[in-house]
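Working notes for the structure below.
Number of protein chains: 2
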Amino acid sequence: MSQVTNIPYEALSVGQQAAFEKTVEERDVQLFAAVSGDNNPVHLDAAFAAETLFKERIAHGMFTGALISAAIACRLPGPGTIYLGQQLKFTRPVKLGDTLTVKLEVLEKLPKNRVRIATRVFNQDGKQVVDGEAEVLAPSTEQTVTMPPMPQVTVN
Amino acid sequence: MSQVTNIPYEALSVGQQAAFEKTVEERDVQLFAAVSGDNNPVHLDAAFAAETLFKERIAHGMFTGALISAAIACRLPGPGTIYLGQQLKFTRPVKLGDTLTVKLEVLEKLPKNRVRIATRVFNQDGKQVVDGEAEVLAPSTEQTVTMPPMPQVTVN
Numbered sequence: 028m029s030q031v032t033n034i035p036y037e038a039l040s041v042g043q044q045a046a047f048e049k050t051v052e053e054r055d056v057q058l059f060a061a062v063s064g065d066n067n068p069v070h071l072d073a074a075f076a077a078e079t080l081f082k083e084r085i086a087h088g089m090f091t092g093a094l095i096s097a098a099i100a101c102r103l104p105g106p107g108t109i110y111l112g113q114q115l116k117f118t119r120p121v122k123l124g125d126t127l128t129v130k131l132e133v134l135e136k137l138p139k140n141r142v143r144i145a146t147r148v149f150n151q152d153g154k155q156v157v158d159g160e161a162e163v164l165a166p167s168t169e170q171t172v173t174m175p176p177m178p179q180v181t182v183n
Numbered sequence: 028m029s030q031v032t033n034i035p036y037e038a039l040s041v042g043q044q045a046a047f048e049k050t051v052e053e054r055d056v057q058l059f060a061a062v063s064g065d066n067n068p069v070h071l072d073a074a075f076a077a078e079t080l081f082k083e084r085i086a087h088g089m090f091t092g093a094l095i096s097a098a099i100a101c102r103l104p105g106p107g108t109i110y111l112g113q114q115l116k117f118t119r120p121v122k123l124g125d126t127l128t129v130k131l132e133v134l135e136k137l138p139k140n141r142v143r144i145a146t147r148v149f150n151q152d153g154k155q156v157v158d159g160e161a162e163v164l165a166p167s168t169e170q171t172v173t174m175p176p177m178p179q180v181t182v183n
């Protein structure tokens, strides 16, 4: 089990950044369909998707939203953060095999521990696939948290 | 395999609604942790969560976002919809066992097939847990789509 230390409100500064990469795999699309209930063929059926304007299967837009929320909850500010809001603009499709880079940047510190964070996601060609921003309640104290093991999930 | 018929732009009217219910289960929280990568103990560790201000485990905020996105993609307007954007305000925590009602309502028809849709989610006490709205590109033609089988997923 890994340990993660958050960044409390006082230690956050405007311009502070965090980033991580994630390659979108078949498993991710299957899992997101199962957890969201969205089994549209544009995500799951290659022959159907080939006839759409996307020409091939695409990931669910909100899968990228889920990656953003995890980056906020695990990295910046990290554990203890309370999610108040999220704006998302889906600017380009995400295809299977794309490598996404989620970039967070502190935009503004507001009163009462509230913080605005830019949430931008780029693909392997440097093209932006999601733009947006989060509003969070940052943790008031530094805390090191033991992260439970990631649930083991099998797609049959 | 089920079939779903979308509601094309021309057939959408302001005030048109769709709703569905979903009870948040242990499995949902485990799956969302796995697909997002957010394994924070407030979601997965009951003893840890008992010491937080929530007093018990809560679902990931963006899980409710995933339900909203599925409602748009599968119901209103349904298959063929292109997701342009989503605003979310997380107004109350969602706990395991809560029964959520996702309510969609067409707010405005914009030029070039764009539509604004209110995306509101309530718990079993009628209290709102998420407020927000989506912007989508509605399908230009009516289409009946064969939905692939939902991926079968096992949490170990």
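First to last, the sequence lines map onto chains A and B.
Here the first sequence is numbered in the working numbering, starting from 28 and rising by one per residue.
Here the second sequence is numbered in the working numbering, starting from 28 and rising by one per residue.
Backbone N, C-alpha and C define an ideal beta-carbon position, used for all residues, glycine too.
| query | result |
| --- | --- |
| Quick one: grab the DSSP three-state call for glutamate 37 of chain B. | helix |
| Drop a sphere of 10 angstroms on the beta-carbon of glutamate 53 of chain A, count the other beta-carbons inside from all chains shown, and report buried for 16 or more, exposed for fewer. | exposed |
| Name the chain B residues that come within less than 9 Å of alanine 93 of chain A, Cβ to Cβ? | Phe59, Val62, Ser63, Gly64, Asp65, His87, Met89, Phe90, Gly92 and Ala93 |
| For a test of the three-state rule: what should DSSP assign to aspartate 55 of chain B, helix, strand or coil? | helix |
| Between A/Leu115, A/Thr108, A/Ala76 and A/Asn183, which has its C-alpha nearest glutamine 155 of chain A's C-alpha? | A/Leu115 |
| Can you tell me the Cβ-Cβ gap for arginine 147 of chain A and lysine 122 of chain A, rounded? I've got them flagged as a contact below 8 Å. | In fact, because the Cβ distance is near 18 Å, the residues do not count as touching under 8 Å. |
| Report the three-state DSSP secondary structure of alanine 86 of chain A (helix, strand or coil). | coil |
| I want to know whether the region 67–76 of chain B touches the region 91–100 of chain B - three or more CB-CB distances under 8 Å. | no |
| When you check each C-beta in the region 113–127 of chain A against every C-beta of chain B, which residues fall closer than 8 Å? | Gln113, Gln114, Leu115, Lys116 and Phe117 |
| Are the C-beta of phenylalanine 149 of chain A and some C-beta of chain B separated by less than 9 Å? | no |
| Sort A/Val133, A/Glu162, A/Gly124 and A/Val56 by Cα distance to alanine 46 of chain A and report the nearest one. | A/Val133 |
| So the candidates are A/Thr126, A/Met89 and A/Gly107; which of them puts its Cα closest to the Cα of alanine 76 of chain B? | A/Gly107 |
| In chain order, what residues of the same chain have a beta carbon less than 7 Å from the beta carbon of aspartate 158 of chain A, not counting five sequence neighbours either side? | Lys116, Thr118 and Arg147 |
| Can you give the Cα-Cα distance for glycine 153 of chain A and threonine 91 of chain A, rounded to whole angstroms? | 16 Å |
| If we ignore side chains and look at the alpha-carbon of each, how far apart do arginine 198 of chain A and threonine 173 of chain B end up? | Because chain A spans 28 through 183 in this model, residue 198 of chain A falls outside it and cannot be assessed. |
| Any beta carbon from chain B within less than 9 Å of tyrosine 36 of chain A's own beta carbon? | no |
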